[in-house]
Amino acid sequence: MDSKVIFWLHELGREDVNLVGQKCAFLGQMMQIGLPVPSGFVLSLSAFDNFMEATGVREEISGYLSKLGETPGDLRQAEAASRHIYDAIKKREIPQEIRHKVEASYQKLSRLCGTDQMPVSVRSSGRESHPGLFDTYLNVKGSPALLHHIKCCWASVFSPRAIATQAQKGLVTQIEPIAVGVQKMICARSAGVLFTADPISGNPSLAVIEASWGLGESVAQAKVTPDKFIVNKETLGIKERRISKKIYQVIATEQGTRIEAVPWEKQGVACLTDEEITQLVKLAKQVELHYRGVPQDIEWAVDAELPFPESVFLIQTRPVVTPSPRGRFNKPPGKGNTEHIVDLLIERFYR
Amino acid sequence: MNWAADWKPRQVNHSLVMSDQDLEAYPCWYLDEAHSIPPWTPLSAWSWVHGNRYGDLWAAESIGLPRCRGTDWRELDGCAYMSPVLVTDEEDVRQREARFKKHLELFIQDYDRIWQDVIQELTTHYDEFRAFDIDKAPAYKLYDHFEQVFNFNFRVWALHSWMMYSLYELYALFEELCREPLGIDDTSVQWHRLMRGFENKLFEADRWLWQLYRRAMELGLDSVFKNNPTEHVLPTLEETEAGKKWLSEPRGFREFLQEHGWRLPRMAEFNCKAWIEEPAPAISFIKQYLAKGGTFELDAKKKQLINEREEAEREVLSRFPQSEQGWVTMLMKAAQRAGSFSEEHTFYFEQTSYSLMRRAALACGKQMAGRSLIEDAEDFVYLLPDEIKKNIISLRLDYRGLVSDRKRYYNEYYQRLPRPALIGKLSNDPEAAMSYMVASGDKVMAKITVGRAVRTKPELRADLYGNPASPGVATGLARLILSEMDIVNIKPGDVLVGITTYSSWTPVFPLLKGIVLDRGASLSHAAIVGREYNIPVVVQTGEATSQLKDGQGIKVDGTKGAVWILSND
């Protein structure tokens, strides 16, 4: 394995999954085909392994995990183990060589952005995509904070949920390395997700945008009901606008983020303009085309300061995870139509 | 505590008159504002609460409605109040569920046959009742007839609720499923497009009436309608050959009355003559058509509405996965039936049954008036069935004092408006009252009689907000229609403003540009018929009849659910 610790996003392509994980490899690929992705660098999977070996923390972690092997599935034990591992990681210093490289890269990124301490986002990127399983930190400022949050991302490999997932596969002690992407933070006026096919019907001729005020977290975490725009991908015509009352937004503070109330007069107003909607769908079509028509679930943000169209950024993309066939309202094969209708009725109204 | 100190009935007493105990024992009573405002005469009120109560309880039990044993009903000074009876034992709920599933499956599969069977059962009985020679019948036969007709009305209500509960569940489920993929519900334009472009039995009457107006023009009779007050039109027509032809030819006026005349001007209110006895309302509609002219709106608009509906159907279906479209189509069809059923059922259920009940009770009234036991045959509306039955064979009880007390009492409570929408323990907490209703899972209350909460949209700066029930925007003069007596005031281009509307008012819809109601929901009469006539309808405004003045210029937006006052004249 290439032992290089830091890569710049623009050096990467999707063949680099084994170096920097899926999320960052895809981001590099998008950058290569000229899509507007915020610039940044990645701490590779090797950097994780390097930290684990050099600090000796791997031994300690294996100790905690192997104990779990005796009682797999015990959530309380998993939580306790997770707590110990977090503490173990946080008290270790990052090896000097890695630290220097991170500091140098961060300074370079800040300079490129014309500032000393550029706010960045810090995201974990595994070999396999696990939406929501590993942590993301927004609006991180300065080297010390950055180094701290990199360790947090590494530690998120050992969250109780992640440990439980590994345990289900019978791989308790196997430690799956994780890369960490560091990107220029987009100070978003609005953000959200875009599906290049209707996620419910699977209809590939429609793009569905969910959007809310502020940073994207409020949509991803389902804190507000987002605005929903449905666009005909062929004609780029906006078929439907469902503007909802967006009560909360996530905003950047001095360090980190917080939730605040959306001003009353903005709550019921569409948080995207028509030209922004069209621009997003145009960009999304390029992404989808690049992934050979596999429907994509794309995170995006619209910068509060930059002029249109430079304001529209793609933050990440992954294949759409289609709802499981037994979920929601799908009829199991072989079941009668009326029986299914009646079962649904009971489930929705009487359970 | 006495919740209704001012409301205690003094002159009418039967088993379903609201008592203090009822107010204590039930969490909340909900006013049936869609039907019982203005308040009913005593016999009508008796029949409404007894009939509905029996029908609801029987049907809920028969189909095994999981969380509701039906609705209990009480009368309070001419108004009907209802309260759902919840099933609280979870084991019981599961057992009912099993029955409910079995019933609904059969109902969906066999809907057409079931509905035909119900119509068959009803018309067989009605035909028998109509064939009864009521004027020549001896007292004991009249008594028997009265008993049969009034008893059959319980069966009518049972079948009524049985059909309603079943269909409305499916309507509500389809709405629930459309919420997520499409973001629409029963206040959305797309929903209203899906639910219109359908025929029903009542439109047959409207169309026929319009044809009779066209025929009158052809026969050169327009001056008879134009130059005579309504009550002189029929006698004047009898004087000419053309007039006689119009009345007696095939598809003429008399045939129309035989088929569609069994309706009371206000549904279930006995104090007005049925059209078959007194065709003035029908004549008055024809006079109004004459003032309007043009074509029959319903047919002129129908093709477009059907096209729009089919497009909406395709669009809605495309938003469900291909693999699911079979059952979704089936469910959509069932939901669409709920609309046309809500409309045409009144022809087979309430209208005919109550016309026949009036005919039976009036015959008893005539016998009593003949013996001077009451002043006027029409005074039967102040008597309860037991009182009528007690007197009809022996004909010796002098009811004049009783009737005069009741009449005074009725005249007093008739004026007493508005009535509280909620009474009982939760009456000061409308939100809790709503959740109690929702807990019952009773969709009929939600879709017709009580309705749902209105989402106000302050950014529209409207004078009134309601729920959208039929899309479009229109301006016109507000015409306050508080009872069937006001209908003659409607001029072409008016906007009807009322508490509710009744199916017997449908012939006036071709004249209207819009409708604004205090109450109602997506399956209320005005909503269904307004959609078919493609005029904007806003329901559940709460205060249209108190905020809007007769003759005022107003703008109605049935897409957004708002009303603006344009002028204060």
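Chains as they are written, first to last, in the numbering used here: chain F, 637 to 987; chain V, 103 to 671. From the three backbone atoms N, C-alpha and C, an ideal C-beta is built for every residue, glycine too. Fair warning: this is a prediction, and the values are worked out from it, not measured in the lab.
So which residues of chain F does residue i contact, with C-beta pairs closer than 8 angstroms?
i	result
V/R169	Y986
V/P570	Under the 8 angstroms cutoff, chain F gives no residues; its nearest Cβ is about 15 angstroms from V/P570.
V/E199	I982, Y986
V/E163	Simply none; closest approach about 16 angstroms.
Let me know the secondary structure DSSP gives residue i once reduced to three states.
i	result
V/Q642	coil
F/R894	strand
F/C749	coil
V/Q654	coil
V/W377	coil
F/Q932	strand
F/K875	strand
V/A318	helix
F/M821	coil
V/R518	coil
V/W130	Looking at the sequence shown, residue 130 of chain V is not Trp but Cys. Three-state result, V/C130: coil.
F/W790	helix
F/D771	coil
V/P312	Here the sequence assigns Trp to residue 312 of chain V, which means Pro is not the residue at that position. In the structure shown, V/W312 sits in a helix (DSSP, three-state: H, G or I).
V/E489	helix
V/A571	strand
V/Q222	helix
V/R171	strand
V/I385	helix
F/A827	strand
Please report the straight-line C-alpha distance between residue i and residue j, rounded to a whole angstrom.
i	j	result
V/P594	V/L579	10 angstroms
V/D652	V/I210	45 angstroms
F/D979	F/R987	11 angstroms
V/K468	V/T602	33 angstroms
V/I476	V/D219	41 angstroms
V/R309	V/E301	11 angstroms
V/W148	V/F252	11 angstroms
V/I637	V/K615	6 angstroms
V/E177	V/M120	6 angstroms
F/F684	F/R735	12 angstroms
V/V556	V/A161	30 angstroms
V/R215	V/K403	30 angstroms
F/R797	F/V758	20 angstroms
V/R295	V/M369	28 angstroms
V/R356	V/F482	27 angstroms
V/G395	V/Y456	33 angstroms
F/E870	F/T889	40 angstroms
What is the C-beta distance between residue i and residue j, in whole angstroms, given that I count them as a contact (C-beta under 8 angstroms)?
i	j	result
V/K328	V/L392	6 angstroms
F/G762	F/I814	5 angstroms
V/V640	V/V665	6 angstroms
V/S185	V/W131	5 angstroms
V/L650	V/K657	With 8 angstroms as the limit, V/L650 and V/K657 do not qualify as a contact, their Cβ atoms being about 11 angstroms apart.
F/R825	F/D939	7 angstroms
V/V187	V/P168	Their Cβ separation, rounded to whole angstroms, is 13 angstroms, which puts V/V187 and V/P168 out of contact at 8 angstroms.
For residue i, return the contacting residues in chain V, with the cut-off set at a CB-CB distance below 7 angstroms.
i	result
F/N973	G428, W429, M432
F/H976	W429
F/K967	E426, W429
What does residue i reach in chain V if we use C-beta pairs closer than 9 angstroms?
i	result
F/L980	L275, E278, L279, W429, L433
F/K864	G285
Do residue i and the ligand ATP come close, with the Cβ less than 7 angstroms from some heavy atom?
i	result
V/L133	Ligands in the displayed structure: none, and consequently the ligand ATP is not present.
Using a Cβ cut-off of 7 angstroms, pull out every chain F residue sitting near residue i, in sequence order please.
i	result
V/E561	G904
- Message: Against chain F, which members of the stretch 398-431 of chain V pass a CB distance test of less than 8 angstroms?
- Response: S420, R421, F422, P423, Q424, S425, E426, G428, W429
- Item | chain F contacts from the stretch 259-283 of chain V (Cβ-Cβ distance under 8 angstroms) | E271, L272, A274, L275, E278, L279, E282, P283
- Would you list, in chain order, the members of the stretch 529-545 of chain V that have their beta-carbon closer than 7 angstroms to a beta-carbon of chain F? G543
- Message: To be precise: take each residue of the stretch 284-305 of chain V, compare its Cβ to all Cβ atoms of chain F, and keep it if any distance is under 7 angstroms. Which residues remain?
- Response: G285
- Residues, ordered as in the chain, of the stretch 825-847 of chain F that lie near chain V by beta-carbon distance below 7 angstroms: D834, I836, S837, G838, N839
- Message: Output needed in chain order: residues of the stretch 181-212 of chain V with a Cβ under 8 angstroms from some Cβ in chain F.
- Response: Answer set for the stretch 181-212 of chain V: V195, E199, F202, K203, L206, E207, I210, Q211.
- Which residues, taken in chain order from the stretch 878-910 of chain F, show a beta carbon closer than 8 angstroms to some beta carbon of chain V? The residues in question are R878, G904.
- What residues in the stretch 720-750 of chain F have a beta carbon less than 9 angstroms from any beta carbon of chain V? none
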